[in-house]
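Sequential numbering of the first sequence, starting at 3, is according to the working numbering.
Beta carbons: idealized from backbone N, C-alpha and C, even for Gly.
Worksheet: the structure to be examined is printed underneath.
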Amino acid sequence: MRIPIQNVTPECGHAEVCGWVHEVRDLGGLAFMLIRDRTGIIQVTIPKKKVPEAVLAALKAVSRESVVRVTGPVKAIDKAPGGRELVPESIEIISLAETPLPLDVSEKVLAEMDTRLDARFLDVRRPRVAAVFEVRSAACFAINQYFHENGFTNITTPKIVAAATEGGTELFPIAYFDKEAFLNQSPQLYKQMMMAAGCERVYEIGPIFRAEEHNTTKHLNEATSIDIEVSFADHLEVMRILEDLIVRIYEYVNKTCSTQLANLEITDFAVPKAPFPRLPYAEAIEIAKKKIDEPIKYGDDISPAAERAIGAEMGGHYFIVDWPSEIRPYYAMQYEDDPSICKAFDMMHPRMELSSGAQREHRYDILVNQIRRKGLNPESFEFYLKPFRYGMPPHAGWGLGADRLVMTMLGLSNVREAVLFPRDMHRLVP
RNA sequence: GCCCAGGUAGUGUAGUGGCCUAUCAUGAUUGCCUGUCACGCAAUCGACUCGGAUUCGAAUUCCGACCUGGGCGCCA
């Protein structure tokens, strides 16, 4: 029976371990072989005069990163790493790795991102890389748990859609039998439709696709979005849900991922505190004006430099609220007393935007007017507008970038670090 | 799409016109070595992205292509 390496102790007496050959050090009459599985590394010590002929043959034939099965007695030895070692009765080479390797798993020489992504399967063998995806998995678990505890229904919406439903971003066209179709940029319209379906509280974690030719460390053409929509809620209520969720994710990672955080050399993991500050857009612009040189005025989008300047001032997660209606989508609800601003918000990490959301306009006539005022034709929105004519509750929601969440939580410099197989302008393989 | 910086052994690098038969590290191969833990020692192997131009001479300068990193723009 195979034992995970972290569970191998002298008390086991005898053990069988399976894993990858991390390193071999041959001292002559004595050799050391380090075996790694996802739980840890164990030293296999081979006194050449005392082990079977077949073990010597395997030692000679094996290459780094080959998969092996090793059996033998476990001994407590102070001078061995972890205080224990395995003396092999048998070493079976299950899968011999070719040499040389496309990158150095033992990290003596660090590879560049492009090289790493080309051989991602080897890259992820590095504990510090695996740790990112283990933390990402823990975060996903915390998210699912939070939503289930809070009465949300998990939904799955189509990723193949007929038309550009929101305008703005470029879509990827695909061949769909004899029709034109696209990869969906957002589940926005579908989750709103689920409000008309009476589901009241829905969430989805899924891929979104954007055909923008951007070339930055925080944009990808395929991203993972965490989306919610809540009936009978306003923007303030879904903002509370969002900050609550962020705190929950950080707490859960902090509680369950100490090994992974150690592998990532993160010693100061800080759980943010709710509530996050609410910074009106107009004030955000004033901060940016004071701190950076470029010309900024009310009504502009917030540039990356402005985002960083405001983030430095705020020092932690925060919301930007009360956005000008003209720079938010048609479906954002405007304030009754001042229609020039709307009930939309962005949730920011000091480094970048993580989420945006709003209370939606649920009143059919007003919504149609807002579509017109954006210069769009309501007739092409019929599939979206139809549910609003048959009993649509007031509702609000947001979308949160999962990749950026992991990136900012772990202080990664490039969003590609947080995605197993990132898709950008240049990369389609593997 | 624009701008900037790059492309040298499997990996990561040094090298600004001749001293390059190209540096160093890591790796691979072989040999020696009984407590390594980035083991050590010795030998060997392995590279200038592609095409064109300038020049007596190009890794190095110029032009073009392709590729990569970063910034900006774009990004419901």
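Residues near residue i by beta carbon distance below 8 Å, same chain, minus five either side
i, result
"G74", "H16, A17, V46, L88, V89, P90, E91 and S92"
"R375", "Y332"
"R122", "L422, F423 and P432"
"I176", "I162, A183, F184 and L185"
"I5", "C14, A17, E18 and V19"
"F234", "E202, P395, P396 and H397"
"A284", "Y300 and D324"
"M1", "Residue numbering for the chain in the displayed model covers 3 to 432; residue 1 lies beyond these limits and cannot be assessed."
"R418", "M115, L119, T219, L222, P424 and D426"
"L369", "Y332, Y333, E363, L387 and F390"
"M3", "E18"
Beta bridge counterpart(s) of residue i as assigned by DSSP
i, result
"H397", "S233"
"R86", "A78"
"P175", "F184"
"M427", "In DSSP, M427 forms no bridge with anything."
"L35", "Note that residue 35 is Met in the sequence shown here, rather than Leu. In the DSSP output, where bridge partners are listed per residue, M35 has V26 and V46."
"G413", "Paired residues: none, contrary to the question."
"V72", "V19 and I93"
"R4", "E18"
"N156", "Y205"
"V163", "F184"
"L407", "L407 pairs with nothing; no bridge assigned."
"L402", "I228 and S357"
Sequence-distant residues of its chain with Cβ nearer than 7 Å to residue i (five each side left out)
i, result
"E231", "K193, Q194, M196, M197, V204, H397 and G399"
"L103", "R66, E67 and L124"
"A420", "V134, R138, D405, V408, M409 and L414"
"Q372", "Y332 and E363"
"K77", "P12, R86, E87 and V89"
"A132", "R40 and V126"
"D246", "A276"
"R71", "E18, C20, E94 and I96"
"L105", "A113, T117, R118, A121, L124 and D125"
"T155", "C201, R203 and V204"
"E381", "none"
Burial state of residue i, where buried means 16 or more other Cβ atoms lie within 10 Å
i, result
"D295", "exposed"
"I243", "buried"
"T410", "buried"
"S2", "Since the first residue shown for the chain is 3 and the last is 432, residue 2 is missing from the structure and cannot be characterised."
"M427", "exposed"
"I7", "buried"
"H150", "exposed"
"F179", "exposed"
"A286", "buried"
"K292", "exposed"
"F390", "buried"
"E363", "buried"
"A33", "buried"
"Q262", "buried"
"L112", "exposed"
"R365", "exposed"
"F385", "exposed"
"P129", "buried"
"Q187", "buried"
"L61", "buried"
"S358", "buried"
Cut-off 6 Å between Cβ atoms - residues of its own chain near residue i, not counting five sequence neighbours on either side
i, result
"S227", "I210 and G401"
"I289", "I312 and E315"
"I79", "E87"
"G153", "R203"
"V57", "P90 and I93"
"C259", "V137 and A140"
"R280", "F321 and V323"
Beta-carbon separation (whole angstroms), residue i vs residue j, contact threshold 8 Å
i, j, result
"A276", "V249", "5 Å"
"A141", "I37", "About 30 Å separates the two Cβ atoms, so there is no contact after all."
"H237", "Q361", "4 Å"
"V64", "V23", "6 Å"
"E224", "I157", "20 Å between Cβ atoms; not a contact."
"T171", "R212", "5 Å"
"I44", "V10", "6 Å"
"M241", "F143", "Actually they do not touch by this definition, with Cβ atoms about 23 Å apart."
Whole runs of the alpha helix (DSSP H) within the region 287–372, excluding any shorter than 4 residues: 306–316
Inside the region 204–286 only - beta strand (DSSP E) runs reaching at least 3 residues: 224–233 and 280–282
Which full runs of the alpha helix (DSSP H) of 4+ residues lie inside the region 97–145, going along the chain? 115–120 and 122–125
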